[in-house]
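Residues in the sequence shown are numbered consecutively from 0, following numbering that gives the first Met the number 0. Each residue gets a CB set at the ideal place from its N, CA and C atoms; glycine is no exception.
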Amino acid sequence: MAIENKPGDGFDTVFCQNDSVGLGSHHDYDAAQARIFKIIVIGDSNVGKTCLTYRFCGGTFLKNPEATIGVDFRERTLQLDGETIKLQIWDTAGQERFRKSMVEHYYRSVHAVIFVYDVTSLTSFESIPEWIEECSRHSVGPMVPRIMVGNKCDLRDRREVPTSAAQCLADSYSFPLFETSAKDPAEKEHVDAIFLTLAYRLKSHKPMRLKQLSESSVRQLWNQREEEAAICQC
Ligand SMILES: Nc1nc2c(ncn2[C@@H]2O[C@H](COP(=O)(O)OP(=O)(O)OP(=O)(O)O)[C@@H](O)[C@H]2O)c(=O)[nH]1
Ligand SMILES: [Mg+2]
Numbered sequence: 000m001a002i003e004n005k006p007g008d009g010f011d012t013v014f015c016q017n018d019s020v021g022l023g024s025h026h027d028y029d030a031a032q033a034r035i036f037k038i039i040v041i042g043d044s045n046v047g048k049t050c051l052t053y054r055f056c057g058g059t060f061l062k063n064p065e066a067t068i069g070v071d072f073r074e075r076t077l078q079l080d081g082e083t084i085k086l087q088i089w090d091t092a093g094q095e096r097f098r099k100s101m102v103e104h105y106y107r108s109v110h111a112v113i114f115v116y117d118v119t120s121l122t123s124f125e126s127i128p129e130w131i132e133e134c135s136r137h138s139v140g141p142m143v144p145r146i147m148v149g150n151k152c153d154l155r156d157r158r159e160v161p162t163s164a165a166q167c168l169a170d171s172y173s174f175p176l177f178e179t180s181a182k183d184p185a186e187k188e189h190v191d192a193i194f195l196t197l198a199y200r201l202k203s204h205k206p207m208r209l210k211q212l213s214e215s216s217v218r219q220l221w222n223q224r225e226e227e228a229a230i231c232q233c
């Protein structure tokens with residue numbers, strides 16, 4: 000899957016093929032054999048989905064992100080207990096007009112879901128049940144791990160969502176809850192921990208050899224996305 004990174008066009012695809020956690024480096028052979036897991040990141044617009052995924056895959060805080068149109072793909076390869084695992088992360092659009100024709104693609108063959116809200120926006124938190132409902136409507140099975148993430152914890156004075164309320168909601172769905180900040184460099188490892196939690200859970204699932212998203216299907220999604228962007232700008 001080779002898509003070039005075109006900074007500034009709103010489709011920043013970050014592939015960190017040689018990243019590793021745990022055991023040192025790995026070889027191309029390992030990467031070719033890697034199990035691939037598709038993780039979608041869902042939530043209202045502006046909660047920080049793009050910044051969180053960029054922090055995990057790119058290692059830095061993405062300044063001035065544009066609203067995601069359709070989906071942006073990011074990928075990170077991990078070494079977990081000697082096994083190479085690829086996380087294919089789908090950074091979805093929060094704005095309805097930028098996502099409506101893509102929703103089916105988001106949920107197809109998904110392995111894990113991350114629901115994100117902004118701790119400084121009660122509205123974004125109150126939307127979480129609707130996102131969970133959308134996920135269920137698309138036949139995402141109960142065995143697919145789900146995680147809830149409250150982002151922007153660095154904005155301490157502007158917090159609107161208490162941890163206790165978030166924990167209560169997460170418990171009601173039996174989801175793990177993380178509160179973090181894509182912006183705060185001190186939270187970098189915490190952001191990693193969110194994705195690693197999922198990676199370890201997915202790793203322990205029954206082994207399955209998964210097809211990598213083919214270049215043609217990525218191209219197709221990209222073309223669709225560009226058509227929508229053109230329509231939306233009219
Ligand atoms: N202070 C603070 N700002 C953040 C953080 N994460 C993201 N932001 C800001 O929040 C805004 C929205 O971030 P995005 O990552 O684009 O949000 P998104 O959820 O991807 O939005 P859509 O693509 O429209 O769905 C940007 O101005 C970011 O700089 C964070 O952890 N702390
Ligand atoms: Mg985005």
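Counting every other CB atom within 10 Å of its CB across the protein chains shown gives A111 a total of 16 or more, marking it as buried.
For the 9 Å CB-CB criterion, T52 and D90 form a contact. Rounded to whole angstroms, L61 and L201 show a C-alpha spacing of 27 Å. For the stretch 81–140, the full-length alpha helix (DSSP H) segments reaching 4 residues or more read 95–98, 102–106, 121–125 and 127–136 along the chain. If you look at I38, you'll find it in the beta strand (DSSP E) that goes R34 to I41. The straight-line gap separating the alpha-carbon atoms of T119 and D153 is approximately 10 Å. Across the structure, L86 and K182 are spaced so that their CA atoms are roughly 22 Å apart.
As DSSP reads the structure, N150 sits in a beta bridge with D117. Nearest to I127 by alpha-carbon distance, out of S138, G93, R158 and Y105, is G93. Between the C-alpha atoms of I35 and E103 there is a straight-line separation of about 20 Å.
Look at C50: its beta carbon is less than 8 Å from one of the heavy atoms in ligand 1. If you ignore the 5 residues before and after G47, its C-beta comes within less than 7 Å of the C-beta of V115, D117, N150, K151 and A181, all in its own chain and listed in chain order. With a threshold of 16 other beta carbon atoms within 10 Å, D170 falls short and is exposed. Restricting attention to L77, K99, S163 and T59, the CA atom closest to the CA of T196 is found in L77.
Here C50 has F60, L61, P64, N150, A181 and K182 as same chain residues with Cβ atoms under 8 Å from its own Cβ, once five neighbours each way along the sequence are excluded. In terms of Cβ geometry, I146 and P175 form a close pair [threshold 9 Å].
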